[in-house]
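In the numbering used here, the protein residues as written are 829 to 921. For each residue, glycine too, the CB sits at the ideal point set by N, CA and C. Encoded as structure tokens, the structure appears first; notes follow it.
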Amino acid sequence: LNSYWVGEDGRSKWFEIILVNKVILSQQHNFQSQKARITQQNLVNLASQKRRANRGLTASGRRVRNLVKGPQRKNPNKRKQKKANPNKRKIRP
């Protein structure tokens with residue numbers, strides 16, 4: 829259903845992945861409200877929700893593509909901007 833970055837070293841990167849078991853989801857209906865149950869079932873069953881991670885629609889994928897809401901969109905990290913635009917750096921003689 830979703831994934832996010834956990835950590836990395838020089839060789840590997842680790843991501844936490846949230847998976848949904850449809851059988852357990854149908855058994856949990858006693859513990860959730862009707863609206864929450866319908867929302868979760870729609871996320872699992874809709875064709876538009878298939879392969880979300882491959883299409884960059886998870887939270888971490890949207891962050892990488894700079895589609896986030898909130899302070900990071902209005903005030904992005906200055907260091908990342910410098911790395912993305914190395915030609916704009918001043919060259920000292």
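- In the structure shown, Ser840 falls within a coil segment according to DSSP collapsed to helix, strand and coil.
- Around Arg883, the same chain offers Gly889 as residues with beta carbons nearer than 8 Å, after the five sequence neighbours per side are excluded.
- Secondary structure of Gly835 (DSSP, three-state): strand.
- Judged by beta-carbon spacing, Arg880 lies within the 8 Å limit of Thr886, meaning their Cβ atoms are closer than that value.
- By DSSP's assignment, Asn830 forms a beta bridge with Ile846.
- Here the alpha carbon of Asn849 sits roughly 31 Å from the alpha carbon of Asp837.
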